[in-house]
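Residue numbers (this note's numbering): 8 to 474.
Quick reminder that beta carbons are idealized off the backbone N, C-alpha and C, glycines included.
All of these numbers come straight from a predicted model, not from anything done at the bench.
This report refers to the structure that appears directly beneath it.
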Amino acid sequence: KFINTVVSSAAADLVDGCKGEYIGNESDQEGDYIRSKVFERFFKLKYTVNVAQSGEQLNRECSLFTDDGHYVIVGSAAYIPDDLRPHFYEIYTNNETVTPNPRSPLEDYSLHLVDLQAGQLCDTRTFKVDKIFLSHNQGLYLYKDTLAVLSVQHQTIHIFQLIDGMFSNVRTIGRFCYEDDDFILSDAIPHGSGSHVHRPFREATINSLKHRLLVFLFKRAKHISDTSGDPYELRKFYQYFDQFKALRMWKMQLLDENHLLVKYAGEDVVTLKASEPNSQSSFFVVYNFITTEILAVYENTSEELLQLFENFCDLFRNAKLHSESQFTCSPSNNIYARLIQQRFKQTIVSARFGGPTEATKRLLAQLPISAQSYSSSPYLDLSLFSYDDKWVSVMERPKACGEHPIRFYARDSGLLKFRIYAGVLGKNAPPTARRLVAFTFHPTDPFAISVQRINAEYVVNFHIRHI
């Protein structure tokens, strides 16, 4: 469902005369009336669009909006039942394909492009027998009109361009790097039949993207060895060659219209079998998919990449895509955010089993950054307000829910300006329950929605300005 919002003073008359800062769940006449009317004051139904087919379920944590607000991309998935198990070569489409397991089951995925102005479904792309991380937009990234989709199962990145409400194929990166590589190779592959049909899974050659990665690492090691006169780096490359070859794509993001940041890790990490994935060794690759060049490779202990991330954080977040005025608060542009990050880093350095290397790993674990996952609300601007980022932050992810309201203090005077109440006040959760709350802030206006989860129960609160 697609809904229009009108924020400014939408519910002012409803809460006029209300005493206090919180309207709880108690059954009284005034509270019941406000709760029954408040939703329709902020949201007006505009369209109802059926997008997912029967058996598919929309992922509520997957949505990408175009810069002009004309279109939204949503994702859905359908479970593959055991009695309809796919063919072996549908699961293993090339020699980089990972082995599925119960922690990372295969599904059928669909991406839907919806016109928000006309209220209609424009296009749908399906990915059968696959593993794409839809939650929090981890497996897809939209930069202007360029969409990248990472198939973890088939180790392939699909690049699309949004043109007139359609997904237009640009290229598929993985086994090949150029769009005509398949056509050129088909002339050299014998066309067999029956058991002699050519199967990419059986190929002994190294896939194009992996080959470029290995060549880059070899040339870098050789250059260092030749320059220093010490063969150590080259020997180290040969020593770890099999580990490099076994790396698999885990996450990715678009840095701009031409460059991808791809995170590689071991197959156990990629298929969710590793218990502590961020503590494992991984590599970040900067890849130009127009020229098919790898420009840089960093390990997840790289101080150079950490410095780039700290000093140019907004370029990784693509913070200024939508509007120059909607600029998210980050360590790159805000001294208070920088201070919080430095304190976090120092905490890890000083901790038991910590240290500078562990701190670098923890900070670089944020990369690649999911698309459209940061809020530009001025109420989260650390230059204007001081608050505990343990409970709420500019990154729109579920946080632990405290027993008390979140306090916001004016940065200039230090005075308490407002408080946010998440969940149901005074309701004690079960001792074993994990209380999480997710905030969604309006980009400019004093309005936020919090959704608290206690086990399988959800509590939704609207947070509005009330004087």
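Pick from the options that is closest to residue i, judged by C-alpha positions
i, options, result
"GLN145", "MET259, HIS205, ARG92, ILE231", "MET259"
"SER393", "PRO412, PRO405, TYR416, TYR381", "TYR416"
"ASP20", "VAL45, SER420, SER34, THR104", "VAL45"
"ALA372", "GLN287, ASP171, GLU300, ARG404", "GLN287"
"ILE164", "ARG345, VAL269, PHE49", "VAL269"
"ILE342", "ASP388, LEU120, ASN307", "ASP388"
"ARG460", "GLY409, PHE425, PRO450", "GLY409"
"ARG242", "LYS226, MET256, ARG255, TRP257", "LYS226"
"GLU464", "VAL444, LEU313, PRO109", "VAL444"
"ALA344", "ILE355, GLN379, ASP395, PHE323", "ASP395"
"ILE180", "LYS252, LEU254, GLN314, PHE167", "PHE167"
"THR299", "VAL136, ARG219, THR212", "ARG219"
"SER309", "SER34, ALA366, PHE95, PHE323", "ALA366"
"LYS135", "PRO109, TYR96, LEU169", "TYR96"
"SER111", "MET173, VAL159, PHE425", "VAL159"
"HIS540", "LEU149, ARG67, ASP137", "In the structure as shown, the chain starts at 8 and stops at 474, and residue 540 therefore has no counterpart that could be examined."
"ALA429", "PRO405, ARG418, SER339, ASP194", "PRO405"
"ASN66", "ALA84, ASN57, CYS336", "ALA84"
"GLY4", "GLU114, ILE170, SER232", "Given a span of 8 to 474 for the chain in the structure shown, any question on residue 4 remains unanswerable."
"LEU141", "SER339, SER117, GLN127, GLY126", "SER117"
"GLY38", "LEU123, VAL22, GLN64", "VAL22"
"LEU254", "GLU306, ARG324, ARG442", "GLU306"
"ASN340", "GLN353, CYS320, ASN325", "CYS320"
"LEU221", "ILE80, LEU302, ASN265, LEU322", "LEU302"
Through-space distance from residue j to residue i, alpha-carbon basis
i, j, result
"ILE10", "LYS397", "Because the pLDDT at ILE10 is just 48, under 50, the model does not fix this residue reliably, and the point stays unresolved."
"SER400", "ASN318", "19 Å"
"LEU154", "PHE454", "30 Å"
"GLN349", "VAL276", "28 Å"
"PHE290", "ASP263", "20 Å"
"ARG369", "ILE347", "14 Å"
"PHE248", "GLU274", "15 Å"
"TYR185", "ASN295", "12 Å"
"ASP152", "ILE30", "42 Å"
"TYR381", "ARG359", "31 Å"
"PHE183", "SER377", "25 Å"
"LYS26", "THR447", "25 Å"
"ALA272", "THR104", "14 Å"
"PHE208", "PHE469", "52 Å"
"PRO450", "LYS53", "21 Å"
"ARG48", "GLU28", "19 Å"
"ASP89", "MET402", "38 Å"
"CYS129", "ALA59", "13 Å"
"PRO385", "ASP452", "8 Å"
"ALA211", "THR278", "23 Å"
"ALA407", "ILE427", "14 Å"
"VAL156", "LEU71", "12 Å"
"LEU147", "THR133", "14 Å"
"ILE191", "PHE50", "54 Å"
Alpha helix (DSSP H) segment containing residue i, residue limits
i, result
"GLU186", "Run containing GLU186: none; DSSP gives neither H nor E here."
"GLU365", "363-371"
"ILE5", "The requested residue 5 is not part of the displayed model; the chain covers only 8 to 474."
"LYS151", "Looking at the DSSP string, LYS151 is not in any alpha helix (DSSP H), and its letter there is neither H nor E."
"VAL276", "274-277"
"TYR247", "It is not in any alpha helix (DSSP H) - TYR247 carries neither H nor E in the DSSP assignment."
"TYR96", "95-98"
Residues bridged to residue i (per DSSP)
i, result
"GLU114", "TYR86, ASP137"
"ASN214", "Answer is none; ASN214 lacks a bridge partner."
"ASN265", "None; ASN265 has no bridge partner."
"ASP130", "LEU120"
"ILE301", "TYR294"
"VAL458", "ALA445, VAL467"
"LYS270", "LYS258, PHE291"
"SER158", "THR163"
"GLU306", "PHE290"
"TYR78", "ASP122"
"ASN108", "SER111"
Limits of the unbroken beta strand (DSSP E) element including residue i
i, result
"ILE164", "163-170"
"CYS69", "64-72"
"GLU37", "GLU37 -> not in any beta strand (DSSP E); alpha helix (DSSP H) instead, spanning 36-49."
"ILE180", "173-180"
"ASN468", "464-471"
"ARG324", "No beta strand (DSSP E) holds ARG324; the alpha helix (DSSP H) holding it covers 320-324."
Cβ of residue i within 9 Å of any chain D Cβ
i, result
"ASP396", "Chain labels in this structure do not include chain D; a single protein chain is all it has."
Could you give the uninterrupted runs of the beta strand (DSSP E) lying entirely in the segment 381-446, keeping only those of 3 residues or more? The beta strand (DSSP E) runs of length 3 or more contained entirely in the segment 381-446 are, from start to end of the chain, 413-417, 423-427.
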